[in-house]
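Residue numbers 1 to 157, in our numbering, belong to the letters of the sequence shown in order. Cβ coordinates follow ideal geometry from the N, Cα and C atoms, glycine included. Take a look at the structure below.
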Amino acid sequence: MTRKEQFMYEAVCVGLEGMRAGLGGPFGCVVVKDDKIIGKGCNSVLRDNDPTAHAEVVAIRDACRNLQSFQLEGCEVYATCEPCPMCMGALYWARPQKVYYASTRADAADIGFDDAFIYKEISLPVDARKIAMTCVRCDEAIRMFEEWRAMKHKNLY
1 MTRKEQFMYE AVCVGLEGMR AGLGGPFGCV VVKDDKIIGK GCNSVLRDND PTAHAEVVAI
61 RDACRNLQSF QLEGCEVYAT CEPCPMCMGA LYWARPQKVY YASTRADAAD IGFDDAFIYK
121 EISLPVDARK IAMTCVRCDE AIRMFEEWRA MKHKNLY
């Protein structure tokens, strides 16, 4: 078994364990740094009553906690499925070096996990989306941004 296959196998094992325990859907993920698994996650949506508890997000949180960093610099992510739009966003914010996945979004759609509507919604103008989204301007929110911009010692991410 190659190195990549071994880490993907570990991600599958994490996913199977969570799925069989009834934590959520059939998804697992591991984060690797320097050839060591530093973060693991399975889909835990059902256990946590949290729609954001996808395997990748759970693994990112675990890895960042273990690294004591909010970024995954020099890390690889092994996910059992092509990341959904939410997980893609989380991965881009976490900035790993590389992401590997085993199954495609089409494979996920075949078993009832279809994110096509989200990809479509994201590309629509705000006023054309199925969930009503309205900008409520707030001077305090703008002042908060201005205060952030003026801060001398801030940690950009």
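Tell me the DSSP secondary structure of residue i in three-state form.
i, result
"cysteine 29", "strand"
"lysine 120", "helix"
The alpha helix (DSSP H) that contains residue i, what's its start and end?
i, result
"valine 136", "It is not in any alpha helix (DSSP H) - valine 136 carries neither H nor E in the DSSP assignment."
"valine 45", "45-48"
"tyrosine 157", "Here tyrosine 157 belongs to no alpha helix (DSSP H), and DSSP marks it neither H nor E."
Within 10 angstroms of its Cβ, does residue i collect 16 or more other Cβ (buried), or is it exposed?
i, result
"isoleucine 60", "buried"
"threonine 104", "exposed"
"valine 136", "exposed"
"histidine 54", "buried"
"proline 26", "buried"
"phenylalanine 7", "buried"
"proline 51", "exposed"
"leucine 156", "exposed"
On the DSSP letters alone, give me the boundaries of the beta strand (DSSP E) that residue i sits inside.
i, result
"alanine 79", "75-81"
"glycine 15", "That residue, glycine 15, is in no beta strand (DSSP E); its alpha helix (DSSP H) goes 3-20."
"alanine 132", "Element bounds for alanine 132: n/a, residue is neither H nor E."
Say whether the region 27-42 touches the region 61-74, bearing in mind that this needs 3 or more beta-carbon pairs closer than 8 Å, one atom from each stretch.
The region 27-42, when compared against the region 61-74, does touch it at the 8 Å Cβ threshold.
Does the contact criterion of 3 or more C-beta pairs under 8 Å hold for the region 88-97 versus the region 108-128?
The region 88-97 is not in contact with the region 108-128.
Evaluate contact between the region 72-79 and the region 6-23, counting only Cβ atoms and requiring at least three cross-stretch pairs below 8 Å.
Under the Cβ criterion (8 Å, minimum of three pairs), the region 72-79 counts as touching the region 6-23.
Going along the chain, which unbroken runs of the alpha helix (DSSP H) with 4 or more residues stay wholly within the region 56-111?
For the region 56-111, whole alpha helix (DSSP H) runs of length 4 or above, ordered along the chain, are 85-94 and 105-110.
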